[in-house]
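Sequence lines, in order, name chains A and B.
FYI, in our numbering the residues of the first sequence are 594 to 1095.
FYI, in our numbering the residues of the second sequence are 594 to 1095.
Inspection log for the structure reproduced underneath, given as structure tokens.
2 protein chains.
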Amino acid sequence: MEKLIAQYENIRRRMKAYLFANNLANWDSTTEAPKGCFDNRSVQMGVLNEEYYKLQTGEETVAVIDALFARREELNPILKHEIAERKEALDKIKKVPMNEYVDFMTLLGSSEHVWAQAKKASDWKMFLPLFEKILAFQKKYVKYVETKNLKGYDVLLDEFEKGYTTKEYDKFFEVLKTDLVPFVKKVLTKDLQIDDSFNKQLFPAEKQKQFMLHLQTVMNFDKDHGLMKESEHPFTTNFGSCTDVRFTNHYYENLFASAIFSAIHEMGHATYEMQVDPALDQTLSGGGGSMALHESQSRFYENILGRSKEFWRANLPALRKVFPKQLKGVSLETFYRFINRSQASLIRTEADELTYPIHVMIRYDLERALFNDEIAPADLPKAWNQKVKEYLGLDVPNDKEGVLQDVHWAWGYFGYFPTYALGSAYAAQIFAKMNSEFKVLKSLESGSTKQINEWLKDRLHKYGSTKYPKELFKGVAGANFDPKYYLKYLVKKYSKIYGLKP
Amino acid sequence: MEKLIAQYENIRRRMKAYLFANNLANWDSTTEAPKGCFDNRSVQMGVLNEEYYKLQTGEETVAVIDALFARREELNPILKHEIAERKEALDKIKKVPMNEYVDFMTLLGSSEHVWAQAKKASDWKMFLPLFEKILAFQKKYVKYVETKNLKGYDVLLDEFEKGYTTKEYDKFFEVLKTDLVPFVKKVLTKDLQIDDSFNKQLFPAEKQKQFMLHLQTVMNFDKDHGLMKESEHPFTTNFGSCTDVRFTNHYYENLFASAIFSAIHEMGHATYEMQVDPALDQTLSGGGGSMALHESQSRFYENILGRSKEFWRANLPALRKVFPKQLKGVSLETFYRFINRSQASLIRTEADELTYPIHVMIRYDLERALFNDEIAPADLPKAWNQKVKEYLGLDVPNDKEGVLQDVHWAWGYFGYFPTYALGSAYAAQIFAKMNSEFKVLKSLESGSTKQINEWLKDRLHKYGSTKYPKELFKGVAGANFDPKYYLKYLVKKYSKIYGLKP
């Protein structure tokens, strides 16, 4: 047994080194690599990926994991869980014919580019042939790996959020459809009177960056173990260790609030990664517990904390110090309303806290229908536009602002979108639990998220991915997931802002 | 044969990917990685290095290289050269007992740290035990790999600059000793009258960076295939391709000239790397041709071009625009004298163009004596201080500013220093050849190094490391190396500045 574990640890050590190299190269590519280097770089990345793949699926790896899995009851709980996850992934890989998998990867190699071209031309038909191939592979993949309990779309949903399938998501989105949508419609008829002329001024990027340093202090971002940089789209990454967690931001001088909420969002992700038990650094059980759990943390910090009045009671003075001219005469109340204004909009990534889950719901409905053969890919734009009209009351003027807006399908990601909404809903339930122990928003008036960070560390972050998401969620929320907390949170907050009776 | 070559190409492709990953990680470590990440990072780097080493020395690699070497006459000249170099390196590795090699690497793992502590304490005795071990290994190593023609110190000299041994270096340093040293002594007795009060002002780092953009334009630095960043010590690196060449700089607000000449120096290295034939990107024959050739390019740009009057006739106006207050009333003549002032000094890296080779000569003498058992390591500080007194007329006040100033020995690098001086001498001879074809310094008054870059590209840069240094040098200088060009260049330049009869 000891020998087996040592063998596994040796393989894992090498896997982590490849992960490190790959993540670092991606970080470099998105933040500073010169634009002329990518032809050569893609060759190097291809080789590293290949070596990593060979290591993951090599004979020795398969044999060791099979052997450890057979004797899993003798393992400590962390290793037992890790081996079970590896075993499941390997068993899946074994079921997919290698040549088909390679073909699919090759297809994905150029798909983002094709999607970007189609989006630019705002023409679904340009992307359609590729989309059909990607979908066809995924349907075939699902057939290869399906089990008695997991079939069709459920296979993919479960891959992105273990334990969540249409059974859970149907219930969740049903609550949104029947209870949230009518409320949102009521909100959208009201016009929030705000003088937002201050938002029409320019906010120099250099000054914005200055405020980011303040936000880092508020959120206790640990600069000894992370850093902030710029990229086209904000994101957070690490290199297989809680000791090096990095995020990026992007500065729009005519949209100053964008970088603020991106930073809080990304630092939510980063706080999760940084607070994982350092003892997990040498395992594959570090990092966040799942897609939705990660998103629950980023959205908790961004929306529940970052868009609260208490947060800005503490931090508006600092922002005003950086932008004295631009924010002259802007009261806390005005600022609070400004950052919480709800509007029907076409683009998911720009949607406000209230309408955001509706965008996700639309994608979930469409993906589900695609996998049930209820819609043909050629009809997707039409179906998309109908749903946007139905739920948000908007006419979609073109594919660019409609069905082509997100890159996910070009990456082959079906079943990913729902985790975005689930994460927000997780956050609301965790918030309720946290509030039963101390006054969460009140604590922000201290000018620091310290108490909140620590609470989350003890109940969620430190565990990394040593357990399945449902278990991790129960550990932090004290109960199984229930969408009513999310609904309640949104209705309460927005009723107050919009002067509606809840 | 085709199969053999394909096999080799596959191994090489993987080697290049590891090189890429290692270089990128080093780049990240020195430019931005958060300080708390290094414990974990060293684990990942260790694994990647191990994988790389295994690949380089693995059975398959050895067999393929042996087979190709046996049939080398059938190979194209580039591959033939590459295989010969690989074969020589592998044959050496085979002669060294693995456990001794591993012990040595482990020793070096902590040696920089020990050296840094000793330097901080200015105490040679703190470093001595480790230095003795490093030297003992190198002496043993030399015994393992020596051949009829290459023995002792020559083995190491030849590793750093193929074809150069004590035979060549003795001749070179003899010229410096008999002809340059007396001239330098004459120069050092003269006092160059300059009002350098402008140098006592502060030059804000942000403004200095602005001027770097100007220098990039002058030198035609290709921003699509490279970038500039900051680090503690300036350096240039690439990732196994001419399409991604990066350098760093460091800004001292009270020493504004430092970053200017560092930038020109590093862009000399970078120009070399960027101008290598892109077809060599997939080989191991890209990059610069040797240590001294690389240094010849950086010093050519830095000293011969960058410290010429013509360069500043073209570029002082731009510098003045960035620093109008600080440079008010500073004439071209004053500026030129200021950047070419020669002074005896203790620290090699801060030495001026004229006294620099004397610092190198001292190290060469001492290394030679160490390998000939003429000095014991314990007596090194004494020997060092005597030489500094003899050649530069200075008393060394402590080990920190003496024998402990450079890190090279802690890295196990003996035989490396001489390439620094050789590079400067190469540069002078290349300059003479270039001048026989066009007016080199005059061409700088166009505000661009374009003509010079192209001349060097055609005669040297594009060949990468497809030939041995002596052949590459002859290709660009039109003759074998002769130290008299260097002597002539220095004597002429400094006689004029100091009003001496040459």
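Yeah, the Cβ is synthetic: ideal placement off N, Cα and C, and Gly gets one too.
Values in this document were obtained by computation on a predicted structure and should not be read as measured data.
**Item:** N- and C-terminal bounds of the alpha helix (DSSP H) containing ARG961(A)
**Value:** Counting along the chain, the alpha helix (DSSP H) containing ARG961(A) begins and ends at 949 to 964.
**Nearest residue (CA-CA) to VAL774(A), options GLU693(A), ALA626(A), ALA937(A) and GLN794(A)** = Among GLU693(A), ALA626(A), ALA937(A) and GLN794(A), the Cα nearest to that of VAL774(A) is on ALA937(A).
**Message:** So LEU617(B) contacts chain A; which residues on that side make the cut at Cβ distance below 7 angstroms?
**Reply:** In chain order: LEU617, ALA618 and ASP621.
**Request:** Please classify GLY1071(A): does DSSP put it in a helix, a strand, or coil?
**Result:** Three-state DSSP puts GLY1071(A) in coil, outside helix and strand.
**Request:** Under 8 angstroms by Cβ, that's how I've got GLN868(B) and ASN1046(B) pegged, so tell me the actual separation to the nearest angstrom.
**Result:** Contact flag correct, Cβ pair sits at about 7 angstroms.
**Prompt:** Can you tell me whether MET821(B) is buried or exposed, with buried defined as 16 or more other CB within 10 angstroms of its CB?
**Reply:** So MET821(B) ends up on the buried side.
**Asked** Quick one, are the C-beta atoms of SER1036(B) and VAL811(B) less than 8 angstroms apart?
**Response** No.
**Cut-off 8 angstroms between Cβ atoms - residues of its own chain near LYS816(A), not counting five sequence neighbours on either side** = The residues GLN809, in chain order, have a CB closer than 8 angstroms to that of LYS816(A) in the same chain once the five nearest residues on each side in sequence are set aside.
**Request:** Return the chain-ordered ranges of every alpha helix (DSSP H) run that is complete within the stretch 605 to 657 of chain A and spans a minimum of 4 residues.
**Result:** The qualifying runs are 631 to 650.
**Message:** I'd like to check one pair, GLY1005(A) with GLU752(A): are the Cβ atoms closer than 8 angstroms?
**Reply:** At the C-beta level, GLU752(A) and GLY1005(A) stay beyond 8 angstroms of one another.
**Asked** How about PHE1010(B) and GLU946(B): do their beta carbons lie closer than 8 angstroms?
**Response** The beta carbons of PHE1010(B) and GLU946(B) sit no closer together than 8 angstroms.
**Every unbroken beta strand (DSSP E) inside the stretch 960 to 1009 of chain A [3 residues or more]** = Scanning the stretch 960 to 1009 of chain A from its first residue to its last, no whole beta strand (DSSP E) run of 3-plus residues comes out.
**Message:** So the candidates are LYS1050(A), ASP837(A) and GLN890(A); which of them puts its Cα closest to the Cα of GLU625(B)?
**Reply:** The option with the nearest alpha carbon to GLU625(B) is ASP837(A).
**Message:** Counting only Cβ pairs nearer than 8 angstroms, list the residues of chain B close to GLY629(A).
**Reply:** Chain-ordered, the chain B residues with CB closer than 8 angstroms to the CB of GLY629(A) read ASP815, ASP817, HIS818, THR836 and ASP837.
**Request:** Compare the Cα-Cα distances from GLU796(B) to each of GLU767(B), GLU681(B), ASP696(B) and ALA852(B) and report the closest residue.
**Result:** One detail in the question is off: residue 796(B) reads as Phe in this sequence, not Glu. Nearest option by C-alpha distance: ALA852(B).
**Between the CA atoms of LYS755(B) and HIS674(A) - distance to the nearest angstrom** = In this structure, the CA atom of HIS674(A) is about 55 angstroms from the CA atom of LYS755(B).
**Message:** Give me the residue from ILE658(A), PHE854(A) and ALA969(A) with the minimum Cα distance to ALA599(A).
**Reply:** Across the set ILE658(A), PHE854(A) and ALA969(A), the C-alpha of ILE658(A) shows the shortest separation from the C-alpha of ALA599(A).
**Request:** Could you have a look at GLU823(A) and say whether DSSP puts it in helix, strand or coil?
**Result:** Correct three-state label for GLU823(A): strand.
**Prompt:** With 8 angstroms set as the bound, which would you pick, yes or no: does the beta-carbon of ASP870(A) sit closer than that to a beta-carbon of chain B?
**Reply:** Closer than 8 angstroms: no.
**Message:** Would you say LEU641(A) lies against chain B (beta-carbon separation less than 8 angstroms)?
**Reply:** For LEU641(A), the answer is yes, since a Cβ of chain B falls inside 8 angstroms of its Cβ.
**Asked** With a cut-off of 8 angstroms, does the C-beta of ASN842(A) fall near any C-beta of chain B?
**Response** It does not: the Cβ of ASN842(A) has no partner Cβ on chain B nearer than 8 angstroms.
**Sequence-distant residues of the same chain with beta carbon closer than 7 angstroms to GLY819(A), five excluded per side** = ASP837, VAL838, ARG839, ALA863 and MET867.
**Proximity test, Cβ basis, 8 angstroms: ASN933(A) and chain B** = Residue contact check for ASN933(A) against chain B: no CB pair falls below 8 angstroms.
**Request:** Throw me the rounded Cβ distance for the ARG900(B) and LEU925(B) pair, which I believe falls under 8 angstroms.
**Result:** Actually they are not in contact, since the Cβ atoms of ARG900(B) and LEU925(B) sit about 13 angstroms apart, beyond 8 angstroms.
**Message:** Could you compute how far the alpha carbon of GLU666(B) sits from the alpha carbon of ILE676(B)?
**Reply:** Straight through space, the alpha carbons of ILE676(B) and GLU666(B) are spaced by roughly 11 angstroms.
**Asked** Listing by chain order, which chain E residues have their CB less than 8 angstroms from the CB of PHE766(A)?
**Response** Absent from the structure: chain E. Protein chains present are A and B.
**Message:** Counting only beta-carbon separations shorter than 8 angstroms, does VAL633(B) have a partner in chain A?
**Reply:** Residue identity check: residue 633(B) is Asn in the sequence provided, not Val. True, the Cβ-Cβ gap to chain A drops below 8 angstroms.
**Nearest-angstrom Cα separation, counted from LYS1060(B) out to VAL1000(B)** = Taking the straight line joining both Cα atoms gives about 30 angstroms.
**Cutoff 8 angstroms: ALA614(A) Cβ touching any chain B Cβ** = ALA614(A) belongs to the set of residues whose beta carbon lies under 8 angstroms from a beta carbon in chain B.
**Asked** Apart from the five residues on each side of it in sequence, which residues of its chain come closer than 6 angstroms, Cβ to Cβ, to ALA1021(A)?
**Response** Result list for ALA1021(A): TYR1078, TYR1079 and TYR1082, in chain order.
**Message:** List, in chain order, every chain A residue whose beta-carbon is nearer than 7 angstroms to that of LYS609(B).
**Reply:** Within 7 angstroms Cβ-Cβ: GLN637.
**Asked** How big is the Cα-Cα spacing for ALA944(B) and THR829(B)?
**Response** Between ALA944(B) and THR829(B), the C-alpha separation is close to 20 angstroms.
**Asked** Can you find a C-beta in chain B that's less than 8 angstroms from the C-beta of ARG930(A)?
**Response** Judged by the 8 angstroms Cβ criterion, ARG930(A) is not in contact with chain B.
**Asked** Hey, is ASP958(B)'s beta-carbon within less than 8 angstroms of any beta-carbon in chain A?
**Response** Taking Cβ atoms only, chain A never reaches closer than 8 angstroms to ASP958(B), which makes this a no.
**Request:** Would you check if the distance between the CB atom of THR623(B) and the CB atom of SER824(B) is smaller than 8 angstroms?
**Result:** With contacts defined as CB atoms closer than 8 angstroms, THR623(B) and SER824(B) qualify as a contacting pair.
**Asked** With C-beta atoms as the reference, is THR948(A) less than 8 angstroms away from VAL777(A)?
**Response** Against a cut-off of 8 angstroms, the Cβ pair of VAL777(A) and THR948(A) comes out as a contact.
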